[in-house]
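Undergrad:
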């Protein structure tokens with residue numbers, strides 16, 4: 369199937385969400401709907417959670433049970449067609465963790481992205497050489513092959529092109545801890561190039577880069593996270609760990625991360641001050 373610009377991941381989630389809402393409006397429990405359809409309760413649950421793709425016949429059966437009109441049924445079939453498309457990230461799925469490919473699918477349709485990174489330059493802002501060195505640094509623990517390193521670097525660069533340079537890019541706000549600018553990956557020339565790249569990319573109209581200095585008040589003790597916002601879907605927070613990743617979807621907890629980012633951002637330098645600091649770090653890496 370052809371790769372599309374939108375996100376089949378988001379379409380799958382929206383389809384499941386729409387089917388759940390239609391069932392609830394019909395005052396049916398998942399178990400009751402399953403009995404009426406002659407299915408297992410787990411099938412209904414998995415379809416609504418976007419863990420199983422429904423067939424066209426499944427959509428017809430659910431639409432009939434939920435008394436869906438023709439216009440709404442056409443909308444559901446449209447979501448199904450989009451959900452069956454292939455996302456660009458699926459070209460790299462053999463080299464990337466499953467949770468990360470799900471994140472890429474969500475990111476592809478986010479309208480804004482806010483990222484806090486206390487340790488390294490985030491993947492969207494990395495140069496090719498810096499990205500390679502970051503991946504190599506964890507190779508002994510994650511047991512990534514030579515070809516796996518190459519595939520991950522290619523995926524990272526492809527992600528940058530598709531997120532930062534697409535026709536209607538999402539608004540990106542990043543807060544970096546100052547230590548991320550001084551922690552060396554590779555030769556000093558790699559770090560210097562990375563600092564210069566940060567300066568260049570910070571001038572893009574939809575990108576805002578801020579630095580939290582080492583002597584600033586650190587208002588929230590939390591590890592890295594990415595907060596994604598969507599036009600017609602609930603916000604999601606992505607948390608990446610050493611061997612796995614988690615998605616925060618509970619609205620109250622997502623709001624907590626949103627507040628945490630606001631606190632961190634309030635203590636960071638503004639954009640112009642951040643550029644001055646990054647420029648100073650670039651000059652230090654010339655030595």
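Numbering (the working numbering), first residue to last: 369 to 655. C-beta atoms are modelled at their ideal positions from N, C-alpha and C, and glycine is treated no differently. Every value quoted in this text rests on a predicted model; they were computed, and no experiment measured them.
My guess is that residue 478 and residue 596 are in contact by the Cβ rule of under 8 Å, so how many angstroms apart are they, rounded?
TA: Rounded, the Cβ-Cβ distance is 4 Å, consistent with contact.
Undergrad: Is the beta carbon of residue 469 less than 8 Å from the beta carbon of residue 456?
TA: For residue 469 and residue 456, no; Cβs fall outside 8 Å.
Undergrad: Just the Cα atoms here: how many angstroms apart are residue 370 and residue 452?
TA: Note that residue 370 has pLDDT 36, beneath the 50 cutoff, so the model's placement of it is unreliable and the number below is only indicative. Their backbone Cα atoms lie some 10 Å apart in a straight line.
Undergrad: Please give the ranges of any beta strand (DSSP E) in the region 501 to 552, keeping only runs that are unbroken, at least 3 residues long and fully inside the region.
TA: As far as the region 501 to 552 is concerned, its whole beta strand (DSSP E) runs of at least 3 residues are 539 to 545.
Undergrad: Alpha carbon to alpha carbon, how far is residue 638 from residue 577?
TA: Taking the straight line from one Cα to the other gives about 8 Å.
Undergrad: For residue 613, list the residues DSSP reports as bridge partners.
TA: Paired residues: 608.
Undergrad: Quick check: the Cα distance between residue 642 and residue 575, rounded to an integer number of angstroms?
TA: Whole-angstrom Cα-Cα distance: 13 Å.
Undergrad: If you draw a straight line from the C-alpha of residue 587 to the C-alpha of residue 635, how long is it?
TA: The straight-line gap from Cα to Cα measures roughly 8 Å.
Undergrad: Taking the alpha helix (DSSP H) that residue 432 belongs to, which residues open and close that run?
TA: Looking at the DSSP string, the run of the alpha helix (DSSP H) that includes residue 432 is 424 to 433.
Undergrad: Is the separation between the beta-carbon of residue 529 and that of residue 491 shorter than 8 Å?
TA: No.
Undergrad: Using the C-alpha atoms, what's the distance from residue 394 back to residue 542?
TA: Distance between the alpha carbons of residue 542 and residue 394 is about 43 Å.
Undergrad: Buried or exposed for residue 475, please, with buried defined as at least 16 other CB atoms from any protein chain shown within 10 angstroms of its CB.
TA: It counts as buried.
Undergrad: Would you please state the rounded distance, in angstroms, between the beta carbons of residue 613 and residue 467? I believe it to be under 8 Å.
TA: Yes, they are in contact, since the Cβ atoms of residue 613 and residue 467 sit about 4 Å apart, within 8 Å.
Undergrad: Going by beta-carbon coordinates alone, are residue 481 and residue 538 separated by less than 8 Å?
TA: Result yes, Cβ atoms of residue 481 and residue 538 sit closer than 8 Å.
Undergrad: For residue 601, which of 589, 617, 591 has the nearest alpha-carbon?
TA: Closest by alpha carbon: 617.
Undergrad: Comparing C-alpha positions only, which one of 584, 605, 564, 631 sits nearest to residue 622?
TA: Looking at the Cα atoms, 605 is the closest of the given residues.
Undergrad: How long is the line joining the alpha carbons of residue 551 and residue 420, rounded to whole angstroms?
TA: Using only the alpha carbons, I get a separation of about 43 Å.
Undergrad: Ends of the alpha helix (DSSP H) at residue 386?
TA: Its alpha helix (DSSP H) spans residues 376 to 393.
Undergrad: Excluding five sequence neighbours on each side, which residues of the same chain lie with their C-beta closer than 7 Å to the C-beta of residue 626?
TA: Within the same chain, residue 626 has close Cβ partners 595.
Undergrad: Report the residue from 461, 649, 405, 581 whose alpha carbon sits nearest the alpha carbon of residue 522.
TA: Measuring from the Cα of residue 522, the nearest candidate turns out to be 461.
Undergrad: Which residue marks the beginning of the alpha helix (DSSP H) containing residue 488, and which one marks its end?
TA: Element bounds for residue 488: n/a, residue is neither H nor E.
Undergrad: Looking only at DSSP bridge pairs, what is residue 576 linked to?
TA: For residue 576, which the question treats as bridged, DSSP gives the partners 541.
Undergrad: Within its chain, find whatever has a CB closer than 6 Å to the CB of residue 380; leave out the 5 residues flanking it on each side and keep chain order.
TA: Closer than 6 Å at the Cβ level, and outside the excluded window around residue 380, lie 418, 451.
Undergrad: In whole angstroms, what is the alpha-carbon distance linking residue 561 and residue 567?
TA: C-alpha separation (whole angstroms): 10 Å.
Undergrad: Apart from the five residues on each side of it in sequence, which residues of its chain come closer than 8 Å, Cβ to Cβ, to residue 386?
TA: Contacts found: 443, 444, 447.
Undergrad: Given this structure, state the Cα-to-Cα distance separating residue 372 from residue 532, to the nearest angstrom.
TA: Note on residue 372: pLDDT 41, under 50, position unreliable in the model; no value is reported.
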